[in-house]
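Participant:
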Amino acid sequence: MNDAIKAIDDYARILFRYRIRTEWETRERCAEKGFDSESIEALIERLKERGLLDDDRFLRMYLYEGLTLKKKGIYVLREELSRLGIARDQIMEAWRALSKREDIPALLAQWASKEKSFDPNRWKTKMLKRGFESEDIGQALEVLEDRD
62 MNDAIKAIDD YARILFRYRI RTEWETRERC AEKGFDSESI EALIERLKER
112 GLLDDDRFLR MYLYEGLTLK KKGIYVLREE LSRLGIARDQ IMEAWRALSK
162 REDIPALLAQ WASKEKSFDP NRWKTKMLKR GFESEDIGQA LEVLEDRD
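Residue numbering for the sequence shown follows this note's numbering, beginning at 62 and increasing consecutively.
#1: Decide if ILE152 is buried, meaning its Cβ has at least 16 other Cβ atoms within 10 Å, or exposed.
#2: Take the Cβ of THR129 as the centre, count every other Cβ of all protein chains shown within 10 Å, and call the residue buried at 16 or more, exposed below.
#3: How about THR83 and ALA73: do their beta carbons lie closer than 9 Å?
#4: With distances taken from CA atoms, which of LYS133, SER100 and ILE147 is nearest LEU120?
#5: Start and end of the alpha helix (DSSP H) containing PHE77?
#6: Below 8 Å on the Cβ atoms is my contact criterion, and I expect GLY192 with GLY134 to pass it. Report the Cβ-Cβ distance as a whole number of Å.
#7: With distances taken between CB atoms, is the gap from LEU108 to PHE96 smaller than 9 Å?
#8: Nearest by alpha-carbon distance to VAL137: which of GLU203, ASP64, LYS187 and ALA65 is it?
#9: Taking the straight line between their C-alpha atoms, what separation do you get for LEU168 and ASP64?
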(Lines of atoms letter the chains of each structure in order from A and count residues from 1; the text may use other names and numbers.)
(Lines give C-alpha, C1' and ligand atoms only; values in the text may rest on other atoms or scores of the structure.)
Protein backbone atom coordinates (compact mmCIF):
# COMPACT_ATOMS: atom_id res chain seq x y z
CA MET A 1 0.00 0.00 0.00
CA ASN A 2 1.55 3.32 -0.96
CA ASP A 3 1.93 6.16 1.52
CA ALA A 4 -0.82 8.37 0.02
CA ILE A 5 -3.43 5.60 0.25
CA LYS A 6 -2.37 4.74 3.79
CA ALA A 7 -2.51 8.41 4.83
CA ILE A 8 -6.02 9.00 3.48
CA ASP A 9 -7.26 5.66 4.88
CA ASP A 10 -5.86 6.60 8.29
CA TYR A 11 -7.59 9.97 8.10
CA ALA A 12 -10.89 8.32 7.11
CA ARG A 13 -10.62 6.03 10.16
CA ILE A 14 -10.29 9.10 12.35
CA LEU A 15 -13.34 10.72 10.70
CA PHE A 16 -15.50 7.61 10.99
CA ARG A 17 -14.42 6.84 14.53
CA TYR A 18 -16.48 9.82 15.72
CA ARG A 19 -19.60 9.12 13.60
CA ILE A 20 -20.59 7.99 10.13
CA ARG A 21 -20.28 10.65 7.44
CA THR A 22 -21.96 11.64 4.21
CA GLU A 23 -20.16 11.30 0.91
CA TRP A 24 -20.05 15.09 0.52
CA GLU A 25 -18.75 15.60 4.05
CA THR A 26 -16.05 12.94 3.62
CA ARG A 27 -14.96 14.49 0.34
CA GLU A 28 -14.88 18.01 1.84
CA ARG A 29 -12.98 17.01 4.98
CA CYS A 30 -10.36 15.10 2.97
CA ALA A 31 -9.93 18.04 0.58
CA GLU A 32 -9.50 20.42 3.54
CA LYS A 33 -6.79 18.10 4.85
CA GLY A 34 -4.96 18.50 1.53
CA PHE A 35 -5.56 15.15 -0.16
CA ASP A 36 -5.76 15.22 -3.96
CA SER A 37 -9.07 14.58 -5.71
CA GLU A 38 -7.91 11.29 -7.24
CA SER A 39 -7.07 9.86 -3.80
CA ILE A 40 -10.33 11.18 -2.38
CA GLU A 41 -12.43 9.56 -5.13
CA ALA A 42 -10.57 6.27 -4.67
CA LEU A 43 -11.27 6.45 -0.93
CA ILE A 44 -14.96 7.19 -1.55
CA GLU A 45 -15.23 4.11 -3.79
CA ARG A 46 -13.46 1.88 -1.22
CA LEU A 47 -15.73 3.12 1.56
CA LYS A 48 -18.84 2.52 -0.56
CA GLU A 49 -17.66 -0.99 -1.47
CA ARG A 50 -17.20 -1.79 2.23
CA GLY A 51 -20.63 -0.38 3.05
CA LEU A 52 -19.13 2.34 5.25
CA LEU A 53 -20.37 5.20 3.11
CA ASP A 54 -24.10 5.17 2.34
CA ASP A 55 -25.91 8.51 2.24
CA ASP A 56 -29.37 6.91 2.25
CA ARG A 57 -28.63 4.91 5.39
CA PHE A 58 -27.03 7.99 6.99
CA LEU A 59 -30.12 10.05 6.19
CA ARG A 60 -32.57 7.51 7.62
CA MET A 61 -30.52 7.09 10.80
CA TYR A 62 -30.02 10.84 11.26
CA LEU A 63 -33.73 11.58 10.89
CA TYR A 64 -34.83 8.75 13.18
CA GLU A 65 -32.33 9.60 15.91
CA GLY A 66 -33.00 13.32 15.53
CA LEU A 67 -36.72 12.77 15.99
CA THR A 68 -36.79 10.08 18.66
CA LEU A 69 -33.67 10.79 20.71
CA LYS A 70 -32.97 14.48 20.23
CA LYS A 71 -36.60 15.55 19.82
CA LYS A 72 -35.99 17.64 16.71
CA GLY A 73 -38.52 18.39 14.01
CA ILE A 74 -38.19 18.39 10.25
CA TYR A 75 -37.26 22.06 9.89
CA VAL A 76 -34.23 21.77 12.19
CA LEU A 77 -33.20 18.37 10.82
CA ARG A 78 -33.55 19.55 7.23
CA GLU A 79 -31.17 22.44 7.86
CA GLU A 80 -28.64 20.22 9.63
CA LEU A 81 -28.72 17.63 6.86
CA SER A 82 -28.44 20.27 4.15
CA ARG A 83 -25.22 21.46 5.79
CA LEU A 84 -23.97 17.86 5.54
CA GLY A 85 -24.54 17.77 1.79
CA ILE A 86 -27.87 15.94 1.59
CA ALA A 87 -30.34 17.27 -1.00
CA ARG A 88 -33.58 18.74 0.36
CA ASP A 89 -35.79 16.55 -1.83
CA GLN A 90 -34.02 13.44 -0.49
CA ILE A 91 -34.51 14.69 3.06
CA MET A 92 -38.22 15.33 2.55
CA GLU A 93 -38.77 11.95 0.91
CA ALA A 94 -37.07 10.18 3.84
CA TRP A 95 -39.04 12.31 6.34
CA ARG A 96 -42.34 11.34 4.69
CA ALA A 97 -41.36 7.66 4.96
CA LEU A 98 -40.42 8.12 8.62
CA SER A 99 -43.67 9.99 9.31
CA LYS A 100 -45.61 6.99 8.01
CA ARG A 101 -43.83 4.69 10.49
CA GLU A 102 -43.74 7.04 13.48
CA ASP A 103 -46.84 8.79 14.80
CA ILE A 104 -45.26 12.20 15.33
CA PRO A 105 -48.27 13.83 17.07
CA ALA A 106 -48.41 10.86 19.47
CA LEU A 107 -44.68 11.22 20.18
CA LEU A 108 -45.14 14.93 20.85
CA ALA A 109 -48.08 14.24 23.15
CA GLN A 110 -46.05 11.62 25.01
CA TRP A 111 -43.18 14.08 25.53
CA ALA A 112 -45.60 16.82 26.62
CA SER A 113 -47.29 14.55 29.17
CA LYS A 114 -43.92 14.03 30.87
CA GLU A 115 -43.38 17.75 31.45
CA LYS A 116 -43.75 18.74 35.11
CA SER A 117 -45.59 22.00 34.61
CA PHE A 118 -47.33 21.99 31.25
CA ASP A 119 -48.26 25.30 29.67
CA PRO A 120 -49.67 24.60 26.18
CA ASN A 121 -48.54 27.94 24.72
CA ARG A 122 -44.99 27.67 26.04
CA TRP A 123 -44.79 24.04 24.95
CA LYS A 124 -46.05 24.91 21.46
CA THR A 125 -43.41 27.65 21.14
CA LYS A 126 -40.73 25.24 22.34
CA MET A 127 -41.75 22.60 19.77
CA LEU A 128 -41.86 25.16 16.96
CA LYS A 129 -38.31 26.21 17.86
CA ARG A 130 -37.28 22.56 17.72
CA GLY A 131 -38.55 22.45 14.15
CA PHE A 132 -41.84 20.61 14.42
CA GLU A 133 -44.71 21.43 12.10
CA SER A 134 -47.58 23.36 13.63
CA GLU A 135 -50.06 20.77 12.32
CA ASP A 136 -48.31 17.98 14.28
CA ILE A 137 -48.15 20.18 17.38
CA GLY A 138 -51.86 20.98 17.09
CA GLN A 139 -52.73 17.29 16.77
CA ALA A 140 -50.60 16.50 19.82
CA LEU A 141 -52.42 19.17 21.83
CA GLU A 142 -55.75 17.65 20.75
CA VAL A 143 -54.57 14.23 21.94
CA LEU A 144 -53.63 15.76 25.29
CA GLU A 145 -57.02 17.50 25.60
CA ASP A 146 -58.81 14.22 24.84
CA ARG A 147 -56.90 12.51 27.66
CA ASP A 148 -58.04 15.08 30.22
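Glycine included, C-beta positions come from ideal geometry on N, C-alpha and C. Because the structure is a prediction, the values reported are computed rather than measured.
Facilitator: This is what the structure holds:
#1: buried
#2: exposed
#3: Taking 9 Å as the Cβ cut-off, THR83 and ALA73 do not qualify as a contacting pair.
#4: ILE147
#5: 64-79
#6: The pair is a contact, with the Cβ atoms about 3 Å apart (cut-off 8 Å).
#7: Not a contact, by the Cβ cut-off of 9 Å.
#8: The residue among GLU203, ASP64, LYS187 and ALA65 with its C-alpha nearest the C-alpha of VAL137 is LYS187.
#9: 50 Å
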